[in-house]
Amino acid sequence: MIILNQIKKVYNPKGANAFEALHGISLRIEDGEMAAVIGRSGAGKSTLLHILACIDTSEGGEYTIDGTAVSGLSERKAAQIRNEKIGMVMQDFALVEDFTALENVMLPLEFAKAKKPNRQQLAMNALNSVGMGSNAKKPVSKLSGGQKQRVAIARAIVNQPSVILADEPTGALDSGTAAEIMDVFRELNSQGKTVIIVTHDMSIAEQCSRIIEIADGNLVT
Ligand SMILES: Nc1ncnc2c1ncn2[C@@H]1O[C@H](COP(=O)(O)OP(=O)(O)OP(=O)(O)O)[C@@H](O)[C@H]1O
Ligand SMILES: [Mg+2]
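The opening position of the sequence shown corresponds to residue 711 in the numbering used here, with each subsequent residue numbered one higher.
See the structure below:
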């Protein structure tokens with residue numbers, strides 16, 4: 711379970727241009743939920759997702775995941791939690807274009823603390839589960855947008871995280887491909903994973919069981 715209590719995010723906290731992007735967000739997300747995060751551009755959606763993913767830290771409040779307090783942890787400990795519990799699909803995929811799909815999906819396994827002997831097989835399993843097994847050996851630069859999105863999802867799930875976070879995963883896709891990607895997320899959710907999707911698209915948000923709206927760094931209730 712994820713609990714945010716009065717989370718504040720300040721960019722450049724010590725500079726003259728300090729900017730408070732989140733003003734005290736309190737939120738509880740149960741295991742197995744499928745939630746959409748919506749709000750206007752600049753509302754703080756990506757900021758919130760980065761904090762949830764332990765990619766960024768907050769300047770106030772507490773974040774607890776499965777009973778572990780994340781706020782105040784060292785960078786190493788936070789990275790460990792990220793590796794074990796969280797799969798993140800970034801807004802721009804953040805794939806290595808020169809690497810094959812398989813090599814990209816194997817990357818998180820290289821970073822994992824416990825080196826698994828069957829890394830290639832685990833990566834293939836993840837690619838197969840998003841329908842990309844037959845493209846495993848292709849360089850990412852040769853894949854379509856929807857195929858890249860699938861590889862990014864495979865990379866996010868290869869470590870078997872309990873929480874999957876996705877930032878505008880359908881933003882760059884046509885509606886048919888977007889529907890296929892949503893099927894992938896729904897399938898992951900039906901396997902018990904918590905799925906949190908940032909989206910501008912109400913038709914995507916309505917496919918989730920819960921909608922979390924942010925406006926100007928605040929939760930809209
Ligand atoms: N690294 C940063 N330094 C300073 N300000 C930032 C930084 N990142 C984001 N911001 C500011 O924080 C606010 C929230 O940004 P964020 O990226 O979370 O918005 P968003 O809701 O994801 O928007 P979009 O829908 O356009 O992706 C914005 O006003 C943005 O300008
Ligand atoms: Mg964003």
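Where is the CB? At the ideal position from N, CA and C, for every residue including glycine.
Keep in mind it's a predicted model, so treat the numbers as computed, not measured.
Residue i - DSSP class collapsed to helix/strand/coil
i	result
Asp-884	coil
Lys-847	coil
Leu-832	helix
Lys-852	helix
Lys-858	helix
Asn-838	helix
6 Å CB neighbourhood of residue i in its chain, flanking five on each side removed
i	result
Gly-754	Ala-731, Leu-732, Ile-924, Gly-927
Asn-715	Ser-736, Gly-771, Glu-772
Leu-759	Leu-875, Asp-877, Val-908
Ile-712	Ile-739, Ile-775
Glu-807	Val-850, Ser-851
Gly-902	Gly-742
Asp-884	none
Arg-896	none
Own chain residues within Cβ distance below 8 Å of residue i, not counting five before or after
i	result
Gln-830	Leu-812, Met-816
Lys-858	Phe-803, Leu-805, Val-850
Asn-869	Asn-793, Glu-794, Gly-797, Pro-818, Leu-819, Ala-822
Pro-827	none
Leu-929	Ile-735, Ser-736, Leu-737, Ile-922, Glu-923
Leu-853	Ala-811, Asn-845, Val-861
Asp-766	Lys-719, Thr-757, His-760
Phe-729	Val-720, Tyr-721, Asn-722
Ile-750	A small correction: the amino acid at residue 750 is Arg; Ile does not occupy that position in the sequence shown. Cβ within range, chain order: Ala-925.
C-beta atoms of residue i and residue j nearer than 8 Å
i	j	result
Ile-775	Ile-717	no
Gly-855	Ala-882	yes
Val-780	Ala-789	no
Ile-796	Val-873	yes
Thr-757	Lys-724	no
Ile-891	Ala-746	no
Ala-846	Val-799	no
Thr-887	Asp-911	no
Ala-864	Leu-837	yes
Own chain partners of residue i with C-beta closer than 7 Å, once the 5 adjacent residues on each side are dropped
i	result
Lys-848	Thr-810, Ala-811
Leu-898	Ile-867, Ile-874, Val-905
Glu-743	Thr-904, Ser-919, Arg-920
Ser-768	Ile-717, Lys-718, Lys-719, Ile-761, Ser-781
Val-778	Rather than Val, the amino acid found at residue 778 in this sequence is Thr. Same-chain partners within the cutoff: Ile-791.
Cutoff 8 Å: residue i Cβ touching any chain D Cβ
i	result
Ala-811	Looking at the structure shown, chain D is missing, and only one protein chain is on hand.
Runs of alpha helix (DSSP H) lying entirely within the stretch 731-818, each at least 4 residues, in chain order: 755-762, 785-795
Which runs of the beta strand (DSSP E) at least 3 residues long sit entirely within the stretch 873-927? Give them in chain order. 873-877, 904-908, 920-925
Could you name the residues whose beta carbon sits closer than 7 Å to any heavy atom belonging to ligand 2, keeping them in chain order? Lys-755, Ser-756, Gln-801, Asp-877, Glu-878, Val-908
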